[in-house]
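J.: So that you can map any letter, position 126 of the sequence shown is 375 in our numbering, and since no number is skipped, the others follow by simple counting.
Using N, Cα and C, we set each Cβ at its ideal position, and we do this for glycine too.
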Amino acid sequence: VDAGGFSNSVFVEGDSPSDITVDDTSDDGDDSDGNTDDDATVITITSDPKISLIKTTLPLEDTNGDGIAGGIDDIITYVFIVENTGNQTLTNIVVEDNLPGLNLSGGPIAQLIPGEIDDTTYTATYLITQEDIDLGSVTNSASVRGEGPGGDLNDPLDDITDISDDPNDDDNIDDNGNGNPDDPTIVYVTSIYDLEVTKLVDELNPVIGAQVTFTIEVANIGNVTATDIIIDEHIPSGYSFISALTTGGTYSELNGEWTITQLDPDQVEILEITVEVLGFGDYLNTAYIQSSVGGIDVDTSNNEGAAEVFPICLTIYNEFSPDGDGVNETFVIDCIEQYPNNKLEVYNRWGNIVYSTKGYLNNWKGTSNGRAVMNQSDDLPVGTYYYVLDLGNGSDPKVGWLYINRNN
250 VDAGGFSNSV
260 FVEGDSPSDI
270 TVDDTSDDGD
280 DSDGNTDDDA
290 TVITITSDPK
300 ISLIKTTLPL
310 EDTNGDGIAG
320 GIDDIITYVF
330 IVENTGNQTL
340 TNIVVEDNLP
350 GLNLSGGPIA
360 QLIPGEIDDT
370 TYTATYLITQ
380 EDIDLGSVTN
390 SASVRGEGPG
400 GDLNDPLDDI
410 TDISDDPNDD
420 DNIDDNGNGN
430 PDDPTIVYVT
440 SIYDLEVTKL
450 VDELNPVIGA
460 QVTFTIEVAN
470 IGNVTATDII
480 IDEHIPSGYS
490 FISALTTGGT
500 YSELNGEWTI
510 TQLDPDQVEI
520 LEITVEVLGF
530 GDYLNTAYIQ
540 SSVGGIDVDT
550 SNNEGAAEVF
560 PICLTIYNEF
570 SPDGDGVNET
580 FVIDCIEQYP
590 NNKLEVYNRW
600 GNIVYSTKGY
610 LNNWKGTSNG
620 RAVMNQSDDL
630 PVGTYYYVLD
640 LGNGSDPKVG
650 WLYINRNN
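Now the structure itself:
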């Protein structure tokens, strides 16, 4: 078969009754070739040299000991199965693989007869990279070439070749048209996409008007590179924005978005936002991952962080000086805005009501609207007065003294 067929002649000899020996050499009976005598009989066998290569892997293992099988820096071990699928003996069989970083060893295979399989000569190892983890898989094809009978080692054009196939891929695409499928070998690595947001505040019980700082951390606790990350960090109504400082990315107080271009595995970035605590509004400050690129987050429960302050409210600043200098001009009660049904009454030392209002909003400048003063637009004189504050929420009224001071 390796020779493409064979030829053969038969010799015959016999004696006549007169003891004469006669003989002849066989002829193939085809005189069309110009030879009419003693042509050898030629049998032609159609040669069909073929080779097949299968590229597969051993199960993924945690070779670097980080607890993740098939993660970064783990080793993929490839197995190459070479089979002579034709009808001629093949020699000097070489497997080639151009995957960057692949460590291919073994070979060449000296000889494979038809039907023979070799699955031990060639092996290869590959170290999984961050790029592979980000992509989610390693995809590659190998090739095999061998010499048929009478082949020229220096002439690659007469080699018998095949592109490897992944036995786990049922697409069975035959790129080179030789009857063997040529699906690339795909190894799915262990990609974990997980971002985490945490938030802290430096003072849980500030006074109204004090400044507090929120610290927001976003961490990539997975093994996949995250890009184009947007953290929603809107300042709630209970605060007034002062400043922001971040270790990475940019924060806009206008739209409340913290944008980070890239976050590598184990990378942490920090945003510090300083605000003034107002006397009213929402104090729960929540930051959450609005969007990111790189994968589907495996744990969305840690995509949000929140911190809340509990201001020291209803502090009554019982001394003020409504003298027009722009400082301490009004009678101030912290958080009074949170009690819209409140009622404030102010009495002089003789028990006469000099000021009364419902829904007080820290705007009294020491003028009288009570019956004890003839001209209601007159400023009350310097001195001590007494207040009764009903919050309108069913609680007992708050009572105490206040002092009006005027410097002019």
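Quick check on the DSSP output: the beta strand (DSSP E) that includes residue 379 runs from which residue to which?
T.: Working through the sequence shown from its first residue, we reach residue 379 at position 130. It is not in any beta strand (DSSP E) - residue 379 instead sits in the alpha helix (DSSP H) that spans 379-384.
J.: Quick one: is residue 650 buried, meaning 16 or more other Cβ sit within 10 Å of its Cβ, or exposed?
T.: Locating residue 650 in the sequence shown gives position 401, where the first residue counts as 1. Exposed, since its Cβ has fewer than 16 Cβ neighbours within 10 Å.
J.: Using a Cβ-Cβ cut-off of 6 Å (strictly less than) and excluding sequence neighbours within five positions of residue 319, which residues of its own chain qualify?
T.: Reading the sequence shown from its first residue, position 70 is the one you call residue 319. Contacts found: 309, 438, 439.
J.: Can you list the alpha helix (DSSP H) stretches of 4 or more residues lying completely in the region 406-492, in chain order?
T.: Correct list: empty.
J.: Kindly indicate which three-state DSSP category residue 622 falls into: helix, strand or coil?
T.: Here residue 622 refers to the residue found at position 373 of the sequence shown. Any reading at residue 622 must be qualified, since the residue scores a pLDDT of 48, below 50, and its modelled position is unreliable; no value is offered.
J.: List the endpoints of the continuous beta strand (DSSP E) containing residue 547.
T.: Reading the sequence shown from its first residue, position 298 is the one you call residue 547. First-last for residue 547: undefined, no H or E at that position.
J.: Which partner residues does residue 329 have in the DSSP bridge list?
T.: Numbered from 1 along the sequence shown, position 80 holds the residue referred to as residue 329. 304, per the DSSP bridge assignment.
J.: Are three or more beta carbon pairs between the region 467-481 and the region 497-508 nearer than 8 Å?
T.: Contact holds: three or more Cβ-Cβ distances are below 8 Å.
J.: In three-state DSSP terms, what is residue 578?
T.: For this step, residue 578 is matched to residue 329 along the sequence shown. In this structure, residue 578 counts as coil in the three-state DSSP scheme.
J.: Going by the beta-carbon positions, is the gap between residue 339 and residue 397 smaller than 8 Å?
T.: Position 90 of the sequence shown, counted from the start, is the residue given in the question as residue 339. Position 148 of the sequence shown, counted from the start, is the residue given in the question as residue 397. Against a cut-off of 8 Å, the Cβ pair of residue 397 and residue 339 comes out as a contact.
J.: In terms of DSSP beta bridges, what is residue 519 paired with?
T.: Here residue 519 refers to the residue found at position 270 of the sequence shown. For residue 519, which the question treats as bridged, DSSP gives the partners 466.
J.: Residue 551 by DSSP, collapsed to three states: which one?
T.: Within the sequence shown, residue 551 is the residue found at index 302, counting from 1. In the structure shown, residue 551 sits in a helix (DSSP, three-state: H, G or I).
J.: Could you tell me whether the region 457-475 touches the region 544-559, where touching means 3 or more Cβ pairs closer than 8 Å?
T.: Touching, yes.
J.: By the DSSP assignment, the beta strand (DSSP E) with residue 259 in it spans what residues?
T.: For the purposes of this step, residue 259 is taken as residue 10 along the sequence shown, with counting starting at 1. Here residue 259 belongs to no beta strand (DSSP E), and DSSP marks it neither H nor E.
J.: I'd like to know whether the C-beta of residue 344 is nearer than 8 Å to at least one C-beta of chain C.
T.: Here there is only one protein chain, and chain C is not present.
J.: Give me the Cα-Cα distance between residue 401 and residue 343, rounded to the nearest whole angstrom.
T.: Position 152 of the sequence shown holds residue 401. Position 94 of the sequence shown holds residue 343. Rounded to the nearest angstrom, the two C-alpha atoms are 14 Å apart.
J.: Take the Cβ of residue 542 as the centre, count every other Cβ of all protein chains shown within 10 Å, and call the residue buried at 16 or more, exposed below.
T.: Here residue 542 is taken as the residue at index 293 of the sequence shown, counted from 1. Answer is exposed; the Cβ neighbour count stays below 16.
J.: Give the straight-line distance between the Cα atoms of residue 648 and residue 447, rounded to the nearest whole angstrom.
T.: On the sequence shown, position 399 is the one that residue 648 refers to. On the sequence shown, position 198 is the one that residue 447 refers to. Whole-angstrom Cα-Cα distance: 43 Å.
J.: Tell me, please, which residues DSSP counts as bridged to residue 511.
T.: Residue mapping note: residue 511 aligns to position 262 of the sequence shown, counting from 1. Paired residue(s): 476.
J.: Would you kindly check if the distance between the Cβ of residue 409 and the Cβ of residue 300 is under 8 Å?
T.: As a first step, residue 300 is located in the sequence shown; it is residue number 51 there, counting from the start. As a first step, residue 409 is located in the sequence shown; it is residue number 160 there, counting from the start. Yes.
J.: Taking the alpha-carbon positions, what's the residue 623 to residue 646 distance?
T.: As a position in the sequence shown, residue 623 is number 374, starting the count at 1. As a position in the sequence shown, residue 646 is number 397, starting the count at 1. Because residue 623 carries a pLDDT of 45, less than 50, the predicted location of this residue cannot be relied on, and the following value inherits that uncertainty. Each residue's Cα considered, the two are about 28 Å apart.
J.: Tell me where the beta strand (DSSP E) around residue 221 begins and ends.
T.: Any question about residue 221 goes unanswered here, given that the chain covers just 250 to 657.
J.: Does the distance from the C-beta atom of residue 547 to that of residue 441 stay below 8 Å?
T.: Counting from 1 along the sequence shown, the entry for residue 547 is found at position 298. Counting from 1 along the sequence shown, the entry for residue 441 is found at position 192. Closer than 8 Å, so yes.
J.: I'd like the list of long-range same chain contacts for residue 291, defined as Cβ closer than 6 Å, with 5 residues on each side in sequence excluded.
T.: On the sequence shown, residue 291 is found 42 positions in, with the first residue counted as 1. Taken in chain order, the residues that qualify are 256.
J.: Using the C-alpha atoms, what's the distance from residue 501 back to residue 491?
T.: On the sequence shown, residue 491 is found 242 positions in, with the first residue counted as 1. On the sequence shown, residue 501 is found 252 positions in, with the first residue counted as 1. Cα to Cα, residue 491 sits roughly 12 Å from residue 501.
J.: Given this structure, state the Cα-to-Cα distance separating residue 394 from residue 296, to the nearest angstrom.
T.: Taking the sequence shown and counting its residues from 1, one reaches residue 394 at position 145. Taking the sequence shown and counting its residues from 1, one reaches residue 296 at position 47. Computed Cα separation, rounded: 17 Å.
J.: Let me make sure I understand the geometry here. Which of 341, 632, 251 has the alpha-carbon closest to that of residue 403?
T.: As a working note, residue 403 is residue 154 in the sequence shown. Considering only alpha carbons, the answer is 341.
J.: For residue 603 and residue 593, what's the separation of their Cα atoms in angstroms?
T.: Within the sequence shown, the letter at position 354 stands for residue 603. Within the sequence shown, the letter at position 344 stands for residue 593. Whole-angstrom Cα-Cα distance: 11 Å.
J.: Look at the alpha carbon of residue 254 and the alpha carbon of residue 337, and state the distance between them as a whole number of angstroms.
T.: Residue 254 sits at position 5 when you count from the first residue of the sequence shown. Residue 337 sits at position 88 when you count from the first residue of the sequence shown. Those two C-alpha atoms are separated by around 11 Å.
J.: Residue 328 and residue 358: beta carbons closer than 8 Å?
T.: Mapped onto the sequence shown, residue 328 falls at position 79. Mapped onto the sequence shown, residue 358 falls at position 109. The answer is no: Cβ separation not under 8 Å.
J.: Would you list the one or two residues that DSSP bridges to residue 319?
T.: Your numbering for residue 319 matches position 70 in the sequence shown. Answer is none; residue 319 lacks a bridge partner.
J.: Going along the chain, which residues of its own chain have a beta-carbon closer than 6 Å to the beta-carbon of residue 564, five neighbours each way excluded?
T.: Walking along the sequence shown from the start, residue 564 turns up at place 315. So the list reads 583, once near-sequence residues are dropped.
J.: DSSP three-state call for residue 365: helix, strand or coil?
T.: Walking along the sequence shown from the start, residue 365 turns up at place 116. Residue 365 falls in the coil class under three-state DSSP.
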